[in-house]
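Report on the following structure.
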């Protein structure tokens, strides 16, 4: 049966029913579109605000980092300035010590000369007095008594001649005594002047020591944060010292041991954007900055071949020399310097403290490692102001001597004495040339 074509009117009516419904959005879809149109600009605005906040935080952090870098550079400069001030102050103290010692030695020589002159004057006066008494008796004898004297005319003539000879000699002796008396007076005047100089020099020395003590205290404050690491290193070194057979063995063990330098600080905490929190964070970051000389300095110098270029560790007199006989049947591996009580001791050259503590017959010792396989060993200090792992420059203070020397049994013995050894690749070298530096 042939298919009938649809009625055009019905098709038109159907199109009216279907067409508008298909082309026109539903109520839900319209609402969704409305929300999207409103939310999209808000989200874009929110993203812009977040980006601006991030950029602001980045800028704040950058400025804070720049400020911290400037403070770190300032701290490094302060450390370098402090180190230079310490070296100068220690040199000034040693210079004053030499001046005081020279004045004291001059006073001792003057006192000895004055005592010798006084003794000679006393003896001369006694001799002159006895001679004058005899001459006075001879001169006061009445001439009439000479006629009845037992002496022969020849003896009397001899006496008269002797009197003529003795008188000029007595005059000469009297002039000598007057000269000696004048010399003694001059010596006493010079002694009085030297005592005044000594008083002034001692006052200057006290001032220099006080200034140096303040600088050392300031440096100790910088090192305070490393005390725990230093104590741990000291205990480890004490175990090494117990195991070492001799000083050469100890130095060899130290060279194989990596020192625990003061620990590096943790990375700085993030800086808060603003307010008091930012100031606290900056303070914490500054406090966490590395302490001075915890790493090998770039300006560390090569050890000189000419040992006279080294800095003298102390102002004093060498009383025992390299190679001197020791008991039992040994020889001295270094030199012994007699110092003033409380004398300042300094580093002989650039280097690092690798050991501090007691070791066998040496007592309390310091070992400084230099470039080129050299080590300086110092023993006899009463007080130490450096710590293991610390890098030093020549002339930087290490500590001070005690009030007097010490015997092996711990009893006091005269002036304090500093023992100094210089070793190259573990073998002792005569360190005497370094003492020439104190005369420069």
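Residue numbers (the UniProt record's numbering): 1 to 440.
Just so it is clear, CB atoms sit at the ideal spot from N, CA and C, and this is done for glycine as well.
Since this is a predicted model, take the numbers as computed values, not measurements.
Inter-residue Cα distance where the pair is residue i and residue j
i: residue 298; j: residue 370; result: 14 angstroms
i: residue 324; j: residue 404; result: 23 angstroms
i: residue 281; j: residue 63; result: Low per-residue confidence applies at residue 281: pLDDT is 44, beneath 50, and the placement is therefore not dependable enough to give any value.
i: residue 200; j: residue 338; result: 23 angstroms
i: residue 110; j: residue 100; result: 15 angstroms
i: residue 189; j: residue 424; result: 51 angstroms
i: residue 85; j: residue 125; result: 59 angstroms
i: residue 430; j: residue 107; result: 33 angstroms
i: residue 129; j: residue 103; result: 38 angstroms
i: residue 359; j: residue 185; result: 54 angstroms
i: residue 341; j: residue 415; result: 7 angstroms
i: residue 301; j: residue 216; result: 23 angstroms
i: residue 352; j: residue 209; result: 24 angstroms
i: residue 178; j: residue 311; result: 49 angstroms
i: residue 383; j: residue 400; result: 5 angstroms
i: residue 211; j: residue 77; result: 20 angstroms
i: residue 366; j: residue 375; result: 10 angstroms
i: residue 398; j: residue 121; result: 50 angstroms
i: residue 246; j: residue 436; result: 29 angstroms
i: residue 421; j: residue 214; result: 30 angstroms
i: residue 322; j: residue 187; result: 38 angstroms
i: residue 114; j: residue 192; result: 12 angstroms
i: residue 253; j: residue 368; result: 14 angstroms
i: residue 66; j: residue 343; result: 45 angstroms
i: residue 98; j: residue 74; result: 36 angstroms
i: residue 255; j: residue 355; result: 11 angstroms
i: residue 328; j: residue 238; result: 26 angstroms
i: residue 334; j: residue 206; result: 31 angstroms
i: residue 413; j: residue 336; result: 14 angstroms
i: residue 96; j: residue 172; result: 46 angstroms
Residue environment, residue i, which counts as buried when at least 16 other CB atoms sit within 10 Å
i: residue 117; result: buried
i: residue 218; result: exposed
i: residue 319; result: exposed
i: residue 315; result: buried
i: residue 522; result: Nothing in the structure corresponds to residue 522, since the chain is present only between 1 and 440.
i: residue 389; result: buried
i: residue 70; result: exposed
i: residue 313; result: buried
i: residue 175; result: exposed
i: residue 451; result: Within the shown structure, residues of the chain are numbered from 1 to 440, placing residue 451 beyond reach of any answer.
i: residue 444; result: The structure shown does not extend to residue 444, since the chain is modelled only from 1 to 440, so the question has no answer here.
i: residue 112; result: exposed
i: residue 270; result: Its pLDDT being 37, under 50, residue 270 is placed unreliably by the model, and the measurement read from it follows with that caveat. The residue is exposed, with fewer than 16 neighbouring Cβ atoms inside 10 Å.
Residue closest to residue i, alpha-carbon to alpha-carbon, out of the options
i: residue 317; options: 94, 368, 86; result: 94
i: residue 105; options: 360, 387, 195; result: 195
i: residue 296; options: 307, 113, 391; result: 391
i: residue 393; options: 350, 375, 206; result: 350
i: residue 242; options: 357, 78, 70, 215; result: 357
i: residue 402; options: 419, 380, 312; result: 380
i: residue 395; options: 91, 180, 67; result: 91
i: residue 373; options: 176, 115, 83, 305; result: 305
i: residue 204; options: 307, 89, 322; result: 89
i: residue 303; options: 335, 193, 348; result: 348
i: residue 418; options: 172, 387, 362; result: 362
i: residue 377; options: 387, 364, 385; result: 364
i: residue 346; options: 206, 355, 386; result: 386
Residue-chain proximity (residue i, chain D), Cβ-Cβ < 8 angstroms
i: residue 352; result: No chain D is present in this structure, which holds just one protein chain.
Sequence-distant residues of its chain with Cβ nearer than 7 angstroms to residue i (five each side left out)
i: residue 197; result: 103
i: residue 87; result: 393, 395, 396
i: residue 326; result: 332
Cβ-based neighbour list, residue i, same chain, cut-off 8 angstroms, excluding 5 preceding and 5 following
i: residue 183; result: 117
i: residue 180; result: 117, 120, 121, 124
i: residue 427; result: 248
i: residue 202; result: 100
Other residues of its chain near residue i: CB distance less than 6 angstroms, five sequence neighbours each side excluded
i: residue 308; result: 433, 436
i: residue 251; result: 375, 426
Within the UniProt domain "M23ase beta-sheet core" (333-431), note down every full beta strand (DSSP E) run reaching 3 residues or more, in order along the chain. 335-339, 344-346, 351-358, 364-369, 374-379, 397-400, 417-424, 427-429
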